[in-house]
Structures are given as C-alpha cells and as structure tokens.
Amino acid sequence: MSFSYFIRRILLSIPTILLVTLIVFLLVRLVPGDVVDMIIGTQNFLSEEQILQMYEDFGLDKPLISQYFIWLKSLVTGNLGVSLRTGEDVADLLVQRLPVTLELALLSILFSIIIGIPLGMISALKKNTYVDNSIKVVGLVGLSSPAFWIGTIFIVLFSFYFDNFTIFGYVSFIENPLKNLQIFLLPSFTLGLMIAAQILRITRTSMIDELSKDYVKVAHSKGLSKNKVIYKHAFRNALTPIITITGIQLGYLFGGSIVIENMFALPGLGRLLLQSVNQRDYPVIQAIILFIVIVIVILNLLIDFIYTIIDPRVNLE
Amino acid sequence: MKKIFVVLSVLTLVIFGFSQQNGGVLQIGIETEPVGFDPNLVTAFASFRILENVYDGLLKYDENMNLVPNIAEKYEVPDPNTIIFTIRDNVYFHNGEKLTIEDVLYTFERIMDEEVGSPAAAYYSEVESIEVLDSKRIQFKLKVPMANTLLINFASTNSAIVSKEFVETGNNLQLKTNGTGPFFMSEYVPGDHITLEKNSNYFIPNQPYLDKIIFRIMPEEISRVTALRNGDVDLIEIKEPLSLRSLQSNNYKVYRQPALSYYLLGFNTTREPLNNPRVRSALSLAIDREEIINMVAFGEGTITGPINPTVQPWTITPENFEEYEYNPEKAKSILAEVGYPNGFEFNIMTASRYSFDKIAQVIQSQLSKIGVKVNIELVEWGIFLNRWGESDFDSFISLNSGSIDPDVQFYRTFHSNGSTNVFLYNNSIVDKLLEEGRKEPNVVERIKIYNQLQNILVKEAPILFLYSPNVLYASQSYVEGFKPLANESLIFLRETRIEE
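Residue numbers (the numbering used here), protein chains in the order written: chain A, 363 to 679; chain B, 114 to 613.
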C-alpha cells in the first residue's frame, strides 16, 4: 500500500463524481413537474407573468447546459445554493440533518454486526443442524421483509405493550443522551435487522469456506485449541468479505434511512431528500445526492485500506 | 400589615392563576412541514396553518366561517366600490414595534407589487387605489362594484399584515417571522418541529391560553396515532378515517368538521366522448356517491353539489339535482341514445394522496356496471400537477378547496379564462353569469345568479362534484377549547387549553 496509490484513487474518483453530478442534474429535471408546478398546486392564483418571473428568479429559464455549469461553478466555490422552496441555505440544511442520519447509520451498523456476525458464526459451526436451519430462516425473513413493515410492527407493538416508551420526538445526544438513545433504538434496530441478515449470510458462507480449507486442518493437527483455530485463523480470513459487505451496506443505509426516517419522524437527510424530491427542490436534491456519492466513494477507499491491514497479502499496487 | 399584604397578594396571584387556567404546552402531530414563512408569499397549506397563529389579517373567520374583525376593529362598505377599515390602537408586532396604518398600506402595496410575486395579488387585481384616511382608517377603492366579494380575502393568511420597517430593513420573511398574532415562532428545526410561544402582548386580553405549542412533523399516519396513544403528543391530525377505530375510547376526543374542500372527477371537455355533456351527466347517474364515502372515507364525508351544503345562503343541496340520483339503468339508456350502447373506455389520472387512488377504484368498479371501462393511471404528484396544468388527461380525481363565497370558488374554475379551468370548459352563458355574479351588489340577485349557475354546472358536468371529507383531529381528553374549521384552519389554538 502506498501513498501514491491513494492519491491516484482519489484523482480517479473525481470523474466518477462529476459524471454522477451530471446524471443527477439531468435526471431530476427529466421528471415531469417542477418546483413552480409544486408551488402553484391545483389552486392557481398566479398570472402568466408571475409564473414566468418565478422561473426567472429560480434560474430555471436558462438552457439546461448553462444551468449545469452555473451549478458546477458555485459548487467549486463551495456554495451549494439555497432551497427553492424555503430560501434556506442548502449547506446549513445538510449540516443540520447530517448528525441524525449519521447516528442512525452507525447504530444500525452496530446492531447488524452484533446480531449478524455471532449468528453467522454459530450457523457455520453448527452447519446443517436444526440450529443452522432456524438461523437461516430468520436470515431469510430478515432479508425479505421490507423495513417499513418491520418498522410498523415495532411501532405498534411498543405502543401497545410499553405505554411509557417514547418512540417519537427527536432530541440530540448532547441535549438528552438517554432520551436520544431511546428514540434511536427502534429505528436503528429496524434498519440494523435488514443489514444483519446480509452480514449473517456472508459470515456463514465465508466461515464454512474457510473452515473447509487445508490450513485449518493443519492447525488442528498441530494441536491448536479449537477456539484458537476458529477465531484466530479462520475468522480472520473470513473477515474480508464481511467487511466488504458491511461497507457496501453503509452506503445502502442512506436508502433505508429514507423510509425509516419518515416512519419514525426523524429529521435526517433521507427525509429531507424525499421531501425535496416531492417538492422538486433541485439544489437540495443535488446536494444530498452529491454528498452520498462522495461518502460512498470514500467508503470504498476505506474498505480497500482496511483489507491491507487484515490481510497483508493484499497489495493495492 | 406588611405580612397581610404579602399573603393577600400571593393569594390573589394563586386565585388569578387558577381562574385563568392558563399555561401548559400543547404538542401537535402534523403531517406536512411548512415551506416558507412569508405570509404574503406562501402557497403551501402547511405554512398557512402555522402562520395564521403568528400573523393577523384585518379580518378573520369565526367558528361558523363568518367574517369578523381582527386587526381592523371594524369595516364599512359605504358603497359597492369602497371598503373602509378602522384598525385597533393596541396591536404590537412581536419585536415590540407598534402596528400603524402605514404597515397596513405597505402590506397591500407589497402584495400587489408584481415583483414580489404574491399569490394574493390576483385577489386584489380589481383594486383601483388604496388610501390612508387618517392614522386609524384606510380606504380601498375598487374598479368594479365587488366590495362584498372582495372582503373575504382580507381574512386570508396571504393578506396578513407585515411590518414595513422589518421588511425594509432587509429581513427575509421566508426565514424570519415578525407578526402580531397570539403566538410568536421561537424555534424551527426543519424536519422535526416548530415551536410557537405565547405573545403576552396580544391585543385580545387573556389570549392565548397556552404557553407553548410544539408542532411535531410526523409524515406517517401510524406514527401520529401511536404518538397520541402513548402520550408523546396531545393532538393529532387524522388523514385516514380508519385510524379513528383505534381511538375509540374515553381517553381521546375526536373532532370532526365537514370541510369546504371537495373531491371531484374532472373531465377534459375537449376529448371524445367526454366532450358531450350528456355523456358526462350519464356518468353522474352511474356513480353512487354514498358508496364512495362509505368505502373510501368510512362514512366521514358529505355528498356535495357545486357549493358545499353548509355554505349558506348560496348552496343548492344535492337532493335537488336529478343527476345525483343513482340510476345505472337510466345512465345506460342515455349512453345508448347518444351512440354508445356498448359503453366506452377512458382514463382517470390519479395520485396516491388524500385517497385519490381509492376513489378512482370505486368509480372504476361502479362504471363497469354500465359497460364503461375505466383505466386508472396512477402517477406521482409532481407528474400529476404537470399533466394537470397542461390538460393532458381524459379525466382526473382531485381535491379542490372550496370557499364561503361562490365567486372565489367558481370563477377561476369554470370561466373560460379561469386560472384553474384545466377542463377547458367553455360556455358563454357560464362566463356571463360568473362576470355578473362577482359584480352584483344585491345579495338576492346574486343568489339567483349562482342558483342558475349551479344548475348548469350539474347538468353540463364539466366536473362531477363527489363529496366533502370531514376534517378530523383527535386529542387527549384533557385538551379543551380546540375546534377545527371547515377551511382546515387551526386558528382556534389561541383558545385551546389544557385542563389539569
């Protein structure tokens, strides 16, 4: 692993990000209906001139290509623009919303690791027993149940059986750590379950794979303890695909957060994205997607970096 | 002596405090988030609902939707071309500044300024001049004699009075509020909540009762109902009547109020065969509105003609229209007469909001009984609005806001130049009636005009008026004094209190 390799990777990701900005820019504008339509709704009191004025004020009267370059130019100067609907600064909006989504993502990943890896290990070690089969069923159910369904079930269960359990009413961690964690418990568990199922499966397969390899037999025959063989040798080698999946899932978490944040009334980025898509608030949509893309690019870099630590054989040159 | 005085004053304070039953924090679960806070500019319903508690107009509505004075202590209509308002002397903005007649003048100049882009500008397009008569009175002169029709616009949140000084010193009202209302906005966390706090300097003594209102934004209905059930909030709005079933207990109060808004099936009146008024009114006979209300809204709605049955004295109630009878046989024979003995096929454009899609499904099944095949086009709301604006549909299901004045509701909808006449409906008699109706100063004559108009609209059916849904709210049993209004306003939060 070398420094120049990372510089190269970072430079290579710039065209990717640029391409994504162009695609996002065009996609949101290809969808019929724009912000002016949304403002007018079905109760039009505005005159033709006022409507044209609005397109002009929003800069939507210019040709697409020049709109794109105006946006790129302001991006380079660090200006994300203002929301067309509310006039709020987009950068401020992102900063406000990010902590919520970040906390949700980290807690969900935490849950998914706590649930997914041990269950996957047990499943692998007890291969083809009824324990393994029941865990497989749990995993399958987890994989195939949509988050909005599991979330609803949790909300209903908790509201009926735990009267004093607060589900709604976001407070920041600094303000009230205990209430904050309580609020995040259900949404992150819901989201964590979905990912846990993925991690469980990959842990199981890659453990089974490793355990059947020759070096494990050698280790056993050398007289190493069973635990040492499993945890020190096999598990370490099985970790690589698990980390890949976990990293990729972190990216997908942004998708899941859209549903979960709406369901649990959390003021995060996912909810802001959905709302801005509904409102056709272009600057906000573009900024959020751009942000997510950058996060995913960085995550991929980090995953590659972590490989080299776990498995010294991996050479990033 | 001193001791007695202290005891007495404490006692008075205690008694005073109790008798007022002031105070408390009310948490409300609402579905949608406000988009912008400039009262003269906003168009989103979610913004109105917050701002009507923060700002005041010259007039307001009482619980029966009658116009009553607000910032104006009285209004006079000396002739149909003139309105004179006299404002109160004790109104202060939240920043402490006193409201003057100059602020009133400035507000209406601002609304009518093309550059500002206020949606309320259209209401005042017939205003010729606005003149300050003295420090308390302001006079509106109109180009056409429609003073009585214009009055209701002064109660709209879009016509709320803003501070001249505050705006001119460069404050962006979309982001910062400075009103005269019973509450001021102390906090807005986008996506999460809006906090309003009591304006202790409000011009109505003793109002408001609550110290604080927190509007919690909860997009999912199940989340709102659950939050009410486990005590996270005190009051919620209900969009799905089905939710009421899980709130059937003495622990909750349910509020229902027939709305002015109405569901409609609107036609593109230029497309075959829906361009034939007889075909359209045959469809009216084949649609069972009662069944729609029962299946879609679980009975929480009222069948409506062109004017909501509660809007007196203008309405002709549905039982007076023969087209409202459910009679599929007759519908079939009319279709046979006009050349469609085997029915025909058309599309209904719909979106999955406010039950539009469900209404479309019920209509689809009802019309299949007379051999008319309905294809449902379910599209995203932005796409819906775009195609709606371009009249790119055979027909669509939607919800229109009604009004207590027929001119406000009808002119823009059915005049051939109306701003929301996406039906492309063009009837010179209707145009003429609409133009006369808005100018007619005599109420009895106006009623005649709008009676005639309602009959034509039902017979020609450019749209089928279906039903008005009930506005639904639910609260904890300790919430007192809350009333929802037919226009879905929450103005009564100023009289709401929490009983211990």
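For every residue, glycine included, the Cβ atom is placed at its ideal position computed from N, Cα and C.
### Query
So, using beta-carbon positions, are Lys277 of chain B and Glu186 of chain B closer together than 9 Å?
no
### Query
The alpha helix (DSSP H) with Gly502 of chain B in it runs from where to where?
In the DSSP annotation of this structure, the continuous segment of the alpha helix (DSSP H) that includes Gly502 of chain B starts and ends at Trp494 to Gly502.
### Message
Considering Cα atoms alone, identify which of B:Glu189, B:Pro554, B:Tyr375 and B:Arg162 is closest to Ala273 of chain B.
### Response
B:Arg162
### Query
Within the 9 Å Cβ cut-off, does Asn640 of chain A reach chain B?
Taking Cβ atoms only, chain B reaches closer than 9 Å to Asn640 of chain A, which makes this a yes.
### Task
Check each candidate in B:Asp151, B:Leu357, B:Ile569 and B:Ser514 and name the one with the smallest Cα separation from Gln287 of chain B.
B:Asp151
### Query
Are the C-beta atoms of Gly630 of chain A and some chain B residue less than 9 Å apart?
yes
### Task
May I have the straight-line CA-CA distance separating Ala235 of chain B from Phe527 of chain B, to the nearest angstrom?
Going from the Cα of Ala235 of chain B to the Cα of Phe527 of chain B covers about 16 Å.
### First through last residue of the beta strand (DSSP E) which encompasses Glu186 of chain B
Ala185 to Asp192
### Task
Can you give me the Cβ contacts of Val591 of chain A inside the same chain, cut-off strictly under 7 Å, excluding the 5 residues immediately before and after it?
Val578, Ala581 and His582
### Task
Specify the secondary structure class of Arg250 of chain B as computed by DSSP and reduced to three states.
strand
### Message
Which residues in chain B have a C-beta closer than 7 Å to the C-beta of Asn624 of chain A? List them in chain order.
### Response
Pro332 and Glu333
### Chain-ordered neighbours of Ser619 of chain A on chain B, where CB pairs are closer than 9 Å
Going along chain B, no residue has its Cβ under 9 Å from Ser619 of chain A, so there is no contact; the nearest lies around 12 Å.
### Message
For the pair the segment 512-522 of chain A and the segment 600-614 of chain A, tell me if three or more CB-CB distances fall below 8 Å.
### Response
Contact between the segment 512-522 of chain A and the segment 600-614 of chain A is absent, because fewer than three Cβ pairs lie under 8 Å.
### Query
What are the partner residues of Ala587 of chain B, as DSSP defines its beta bridges?
B:Ile349 and B:Val367
#### Entry: Burial state of Lys445 of chain B (16 or more Cβ within 10 Å)
buried
### Message
Run through chain A and tell me which residues come within less than 8 Å of Gln287 of chain B, C-beta to C-beta.
### Response
Thr448 and Gly449
### Under the three-state DSSP convention, the category Asn513 of chain B falls into
strand
### Query
Is the Cβ-Cβ distance between Leu171 of chain B and Ala268 of chain B less than 9 Å?
yes
### Message
By the three-class DSSP mapping on this structure, what secondary structure does Asn599 of chain A have?
### Response
Helix at Asn599 of chain A.
### Message
Is the beta carbon of Leu562 of chain A closer than 9 Å to that of Ser485 of chain A?
### Response
Taking 9 Å as the Cβ cut-off, Ser485 of chain A and Leu562 of chain A qualify as a contacting pair.
### Message
Taking its Cβ as the centre, do 16 or more other Cβ atoms sit within 10 Å of Gln361 of chain B, making it buried, or is it exposed?
### Response
exposed
### Query
Since Glu146 of chain B meets chain A, which of its residues come closer than 8 Å, beta carbon to beta carbon?
Gln637
### Message
For the pair the segment 329-344 of chain B and the segment 565-582 of chain B, tell me if three or more CB-CB distances fall below 8 Å.
### Response
no
### Contact under 9 Å by Cβ, Ala467 of chain A with Phe616 of chain A
yes
### Message
Rounded to the nearest angstrom, what separates Gln641 of chain A and Gly379 of chain B at their Cα positions?
### Response
24 Å
### Message
Which same chain residues end up closer than 8 Å to Gln133 of chain B when comparing Cβ atoms and leaving out the 5 residues on each side of it in sequence?
### Response
Only weak support exists for where Gln133 of chain B lies, its pLDDT of 48 falling under 50; the value from the coordinates is given anyway. Closer than 8 Å at Cβ, skipping near neighbours: Asn319 and Tyr322.
#### Entry: Residue-chain proximity (Val503 of chain A, chain B), Cβ-Cβ < 9 Å
So, not an interface residue.
### Query
Is DSSP giving Phe420 of chain A helix, strand or coil here?
helix
### Task
Label Ser454 of chain A either buried or exposed according to how many other C-beta atoms from any shown protein chain fall within 10 Å of its C-beta, with 16 as the threshold for buried.
The sequence shown places Asp at residue 454 of chain A, rather than the Ser named in the question. The residue is exposed, with fewer than 16 neighbouring Cβ atoms inside 10 Å.
### Message
When you compare the CB of Tyr644 of chain A with every CB in chain C, is at least one pair closer than 9 Å?
### Response
Although the question refers to chain C, the structure presented lacks it and instead comprises the protein chains A and B.
#### Entry: Residue-level contact to chain A via CB, Gln361 of chain B, 9 Å cutoff
no
### Query
How many angstroms separate the CA atom of Ser474 of chain A from the CA atom of Asp451 of chain A?
35 Å
### Message
Please return the same chain residues whose Cβ sits closer than 8 Å to the Cβ of Tyr437 of chain B, not counting the five positions on each side in sequence.
### Response
So the qualifying residues of the chain are Ser397, Arg402, Ile416, Gly418, Pro431 and Val571.
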